[in-house]
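S.K.:
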Ligand code: XMP
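In my numbering, the protein residues as written are 6 to 524.
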């Protein structure tokens with residue numbers, strides 16, 4: 006990754022946890038620049054002068070095994086404050102003479118109540134009565150490393166927070182970076198400002214200039230083509246690149262036929278007229294539908310859609326001279342969940358279409374200026390680029406569109422049914438002023454037909470699933486607690502108005518263990 010080499014920073018060493026990037030996120034929220042690297046990249050660091058603190062992430066490795074991911078011991082002698090999280094704490098312990106055991110008795114997953122044992126700079130203003138933290142570990146430190154003391158404990162782990170006050174080395178067994186940990190932000194606040202004594206130096210809007218300059222320098226005299234879907238991410242990318250290279254950016258809107266009802270036309274007009282972008286519309290709905298025929302495997306669907314997108318872009322690009330770049334609205338979470346940007350062991354959950362579905366050989370060079378940012382950072386950036394509320398407040402919409410919300414094979418009829426139901430749902434959310442309280446909401450069509458009764462007749466129709474989640478960045482999510490009246494209304498409206506649906510269910514799963522999308 007390595008950007009902004011000249012800035013004071015917090016270095017995050019990624020041991021492959023699914024939530025490492027949330028650490029970067031929390032630190033950025035606090036206005037401090039951070040950089041994520043893999044343990045093997047440490048040897049490339051020429052000077053530690055600008056590194057004001059080091060955070061060791063969690064990860065799937067185990068220090069109880071013969072081979073485990075590690076860092077040079079010399080890091081502990083650099084007089085740079087260190088905070089180890091989960092595996093990071095275990096690694097600090099192992100390398101400093103502590104003892105770690107893997108034990109079913111001591112493992113903790115999910116919520117655990119934490120209790121204070123001693124004051125520490127790291128936990129100033131952190132503890133509250135009856136507070137819980139989020140755990141995910143099987144190994145536990147059973148003997149303190151040399152010159153460390155215990156700061157807090159839980160029922161199952163005596164050494165939940167430890168410190169070596171003199172060397173400013175700290176370890177927490179829980180994950181302060183996830184929202185399920187009460188007051189987790191305070192741990193980072195204390196680490197950054199009281200322990201590392203770094204000053205605020207990061208803000209998304211202040212990155213705008215740098216991003217525009219980088220894009221300009223990269224594209225130079227060539228032209229870029231941009232995949233514009235009308236969602237927040239691609240819209241921000243288009244506006245940003247447009248600022249850098251103006252009319253040399255060609256925005257292609259591909260109508261896959263898998264968008265929300267009427268959304269496509271509306272967005273197309275807005276971008277052309279309001280934002281003055283150079284937009285070209287391509288109707289590819291027939292070919293998408295044909296390629297998806299009989300395909301019900303989610304990964305296959307994603308790959309087909311991703312590949313088709315790229316093919317269409319490449320074909321379009323050939324129509325213009327000097328098009329060398331393909332700009333995409335890929336975000337940090339897309340990268341993490343498809344494959345790790347740092348080459349670490351983060352395991353693959355889904356192939357997000359903008360990343361995982363790309364063919365190995367591509368004639369266009371990818372340009373992804375948002376790939377280091379989280380969704381709400383992108384929203385802030387969008388606002389500062391003049392994107393209007395109706396676009397930047399829109400709920401996220403996945404690249405593969407309704408294809409991954411129609412479970413099983415996709416047909417024109419199912420798309421029609423789902424578009425109708427989804428429109429009713431989203432309209433009702435707006436009318437009830439609930440839309441802005443929800444991070445993402447959508448309707449999906451399940452491949453299950455069940456029996457119902459309408460009037461005096463028997464029906465045998467599809468089931469519509471509605472989903473609404475609260476989240477900060479899509480990495481973790483909770484289902485939204487609707488008032489019963491809203492659920493009654495929505496179920497009634499959908500069944501009464503959409504031919505093909507006779508049952509509505511509400512998805513009450515959180516992420517994890519579920520994901521936000523169904524496929
Ligand atoms: P999951 O289902 O992985 O979704 O919990 C997390 C967030 O990512 C969105 N999503 C995608 N966005 N291309 C995208 O641009 C994709 O292929 C894709 N798949 C999921 C999803 O809507 C949610 O906001």
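Backbone N, C-alpha and C fix where the C-beta goes; we use that ideal spot for every residue, glycine too.
Can you give me the Cβ contacts of residue 233 inside the same chain, cut-off strictly under 6 angstroms, excluding the 5 residues immediately before and after it?
M.R.: 239, 243, 256, 258
S.K.: Could you tell me whether the Cβ atoms of residue 138 and residue 117 are closer together than 7 angstroms?
M.R.: yes
S.K.: Between residue 349 and the rest of its own chain, which residues show a CB-CB distance below 6 angstroms, the 5 nearest in sequence each way excluded?
M.R.: Confidence in residue 349 is poor, its pLDDT being 46 and thus under 50, which makes the residue's placement too unreliable to answer from.
S.K.: For residue 374, I'd like the list of residues in its chain whose CB is within less than 8 angstroms of its CB, leaving aside the five on either flank, ordered along the chain.
M.R.: Result list for residue 374: 216, 219, 220, 242, 245, 246, 332, in chain order.
S.K.: Starting from the Cα of residue 190, find the closest Cα among 394, 520, 27, 503 and give me that residue.
M.R.: 27
S.K.: Look at the alpha carbon of residue 545 and the alpha carbon of residue 13, and state the distance between them as a whole number of angstroms.
M.R.: Missing from the structure shown is residue 545; the chain here goes from 6 to 524 and no further.
S.K.: For residue 437, which residues does DSSP report across the bridge?
M.R.: Per DSSP, none; premise fails for residue 437.
S.K.: Classify residue 513: buried if its beta carbon has 16 or more other beta carbons within 10 angstroms, exposed otherwise.
M.R.: exposed
S.K.: By alpha-carbon positions, which one of 325, 124, 296 ends up nearest to residue 283?
M.R.: 325
S.K.: How would you write the range of the alpha helix (DSSP H) that residue 299 sits in, first residue to last?
M.R.: First-last for residue 299: undefined, no H or E at that position.
S.K.: Say the cut is 6 angstroms; is the CB of residue 481 nearer than that to a heavy atom of the ligand XMP?
M.R.: Using a cutoff of 6 angstroms, the CB of residue 481 does not count as near the ligand XMP, since none of the ligand's heavy atoms is closer than that.
S.K.: What three-state label does DSSP hand residue 513 in the structure shown?
M.R.: coil
S.K.: According to DSSP, simplified to helix, strand and coil, what is residue 462?
M.R.: Correct three-state label for residue 462: strand.
S.K.: Once you ignore the five residues that flank residue 363 on each side, which residues in its own chain have a CB closer than 7 angstroms to its CB?
M.R.: Its pLDDT being 47, under 50, residue 363 is placed unreliably by the model, and the measurement read from it follows with that caveat. For residue 363, where only same-chain residues beyond five positions count, the Cβ hits under 7 angstroms are 311, 315.
S.K.: Which residue from 95, 371, 402 puts its Cα closest to that of residue 380?
M.R.: 402
S.K.: If residue 507 and residue 459 are in contact, beta carbons under 8 angstroms, what's the gap, nearest whole angstrom?
M.R.: 7 angstroms between Cβ atoms; contact.
S.K.: Would you give the residue range spanned by the beta strand (DSSP E) that residue 228 belongs to?
M.R.: Note, residue 228: beta strand (DSSP E), 228 to 232.
S.K.: On the DSSP bridge list, what partners appear for residue 427?
M.R.: According to DSSP, which records beta bridges pairwise, residue 427 is partnered with nothing at all.
S.K.: Residue 87 and residue 174 - do their beta-carbons sit closer together than 7 angstroms?
M.R.: Yes, the pair counts as a contact, with Cβ atoms nearer than the cut-off.
S.K.: With a threshold of 6 angstroms on Cβ separation, who are the neighbours of residue 57 within its own chain once the five nearest residues in sequence on each side are excluded?
M.R.: 13, 201, 203
S.K.: Look up residue 148 in the DSSP assignment and say whether it is helix, strand or coil.
M.R.: strand
S.K.: Kindly examine the ligand XMP and report whether one of its heavy atoms sits closer than 6 angstroms to the Cβ of residue 403.
M.R.: Under cutoff, so the answer is yes.
S.K.: Look at the Cβ atom of residue 69, then the Cβ atom of residue 144, and state whether they are nearer than 7 angstroms.
M.R.: yes
S.K.: One question on the structure: do residue 16 and residue 46 come within less than 7 angstroms of each other, judged by their Cβ atoms?
M.R.: no
S.K.: Just to check, is the beta-carbon of residue 521 closer than 6 angstroms to a non-hydrogen atom of the ligand XMP?
M.R.: Result yes, Cβ under 6 angstroms from the ligand XMP.
S.K.: Which ranges would you report for the beta strand (DSSP E) in the region 90 to 171 if only whole runs of at least 3 residues count?
M.R.: 104 to 107, 113 to 121, 137 to 142, 144 to 148, 154 to 159, 166 to 169
S.K.: If you reduce the DSSP assignment to three classes, tell me which class residue 6 lands in.
M.R.: A caution first: residue 6 carries a pLDDT of 43, below 50, which makes its placement in the model unreliable, though a value can still be read off. DSSP places residue 6 in coil when its eight states are reduced to three.
S.K.: Exposed or buried, residue 524, counting other C-beta atoms within 10 Å across all chains shown (16 or more means buried)?
M.R.: buried
S.K.: Do you know whose CA, among 466, 135, 148, 423, lies nearest residue 101's CA?
M.R.: 148
S.K.: Considering only their Cβ atoms, is the gap separating residue 445 from residue 400 smaller than 7 angstroms?
M.R.: yes
S.K.: Along the alpha helix (DSSP H) that carries residue 248, what are the first and last residues, could you check?
M.R.: 237 to 250
S.K.: For residue 302, is the classification buried or exposed, using 16 other Cβ atoms within 10 angstroms of its Cβ as the cut-off for buried?
M.R.: exposed
S.K.: Count the other C-beta atoms from every protein chain shown that fall within 10 angstroms of the C-beta of residue 295, then say buried if there are 16 or more, exposed otherwise.
M.R.: exposed
S.K.: Which whole-angstrom value is the C-beta distance of residue 396 and residue 407, which I expect to be below 8 angstroms?
M.R.: About 19 angstroms separates the two Cβ atoms, so there is no contact after all.
S.K.: Take every Cβ of the region 275 to 293, pair it with every Cβ of the region 431 to 440, and state whether three or more of those distances are shorter than 8 angstroms.
M.R.: No contact exists between the region 275 to 293 and the region 431 to 440.
S.K.: Am I right that residue 90 and residue 125 are in contact with their C-beta atoms under 8 angstroms? What's the rounded C-beta distance?
M.R.: Incorrect: roughly 15 angstroms between the Cβ atoms, too far for contact.
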